[in-house]
Structures are given as C-alpha cells and as structure tokens.
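Numbering (the UniProt record's numbering), first residue to last: 1 to 189.
Built from N, CA and C at the ideal position, the CB exists for glycine as well.
For reference, the structure is listed below as structure tokens.
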Amino acid sequence: MTMISVNEFKNGLTIQYNNDLWRIVEFQHVKPGKGSAFVRSKLKSLITGAVQEYTFRSTAKVETADIQTKSMQYLYNDGSSYVFMDTSTYDQLAIPNEQIRDEANYLLENMVVNVIMHDGETLGIQLPNTVDLKVAKTEPNIKGDTSSGGGKPATMETGLVVNVPFFINEGDVLTINTSDGTYVSRANK
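Set out below in structure tokens:
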C-alpha cells in the first residue's frame, strides 16, 4: 500500500481510512487566518455506500487502496442479483441487489460498466457519467406552459423518476446524469 499526503487528494481517488474503503467525492483545502491548514473532504464508502465528511490536518497521510476495475456487460437480473459477463472470457459474475441498489436505476441490458474489486472481492459497479434512457411515463405537454421554467416528473424505462422540462413526451430518449439523477438533454438518436 502507498501512503499519500491529503494535499494530493483528487476526486475519484480511493483510500483506506478507519478500516473502510472510501472514494473521494469532493475535497477542499482550507487555510484559515489563524491556525494550521486542513483538508475538508466528503468520502463515499465503497462497502456500505454511506457518504461521510472528514477533516484532515494538512500534514496527515492516508493509505491508497489497490482497486481493480474490470469492464463487464450487464446481462440480466435473476430476482436476487444482477448478472454481469466478462466480454473477453465469458465468465459471469452475480452481484447481490442490495450491493448496487442506487446504480440499478441506470442499468440497461447489454450495457458495459466497470465492476470494482478489491482483494478479489466485488465492491460494486462504476457507471458512465451519463446514460441514455427512454421515457416510459410522463404527463402530456401543456401548450404555453413554459413561463414558469419548472418541470414535470418523468418515469424512465428503469423505474427512475427524473424531473424534466415540459416539452418532453413519452417515448423520448433522454441523457441522464448518473451522479445525481438529473436530466441533461435529449439524446441524439
């Protein structure tokens, strides 16, 4: 394992801290007028999925985690787990539903994702930044109702509910941000 200074933090870096594996979601270097500098960070546990805030002294060192990612294709859900296939060896891997509950809202059959592993143990999946999903259900457009600048809820084909502009209709394919579940644009299809 490699030790790094907290001054070398980058978003997406994986560290070992407090007997857990954490991915850095965001961080901020703070230099107060009085006292010593520190790093305020928001970390997401790769084991539990919980997000915690931690503050480190600027002189602190943490251990980087040895994380492997393997590109795999999502095949199907058998009711208790999601089944992925390694496209080069055709080996299949089942990940329990509760391990990727949030990411499941963006999964479509045959989608290629990165499966995250540490010491031979599967931790979860890493989605692309955006995915294209089809609108399964939404209210019809009301002409002239654009002055409020608001939106309406739309249920995507995976069951995810996203707030979308009024002009979106059922059957439209939309680009959705996987980090926060927000509408980005209509997909170019």
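- Distance check between Ser36 and each of Thr48, Ile24, Lys44, Thr59 places Thr59 closest, using alpha-carbon atoms only.
- In the structure shown, Asn188 falls within a coil segment according to DSSP collapsed to helix, strand and coil.
- By the 16-neighbour rule on beta-carbons within 10 angstroms, Ser80 is exposed.
- Pairing Phe38 with Thr55 gives a Cβ-Cβ distance under 8 Å.
- Per DSSP, the unbroken beta strand (DSSP E) holding Arg40 starts and ends at 38-45.
- Scanning its chain for C-beta atoms nearer than 6 Å, with the 5 sequence neighbours on each side dropped, one finds around Thr87 the residues Gln73, in chain order.
- Beta bridge pairing from DSSP links Pro153 with Asn163.
- According to the DSSP secondary-structure assignment, Phe56 is paired through a beta bridge with Val39.
- Annotation for Gln99: Gly124 place their beta carbon closer than 7 Å to its own, counting only its chain and skipping 5 residues before and after.
- Contact check for Glu109 against Lys134 fails: the beta carbons are separated by 8 Å or more.
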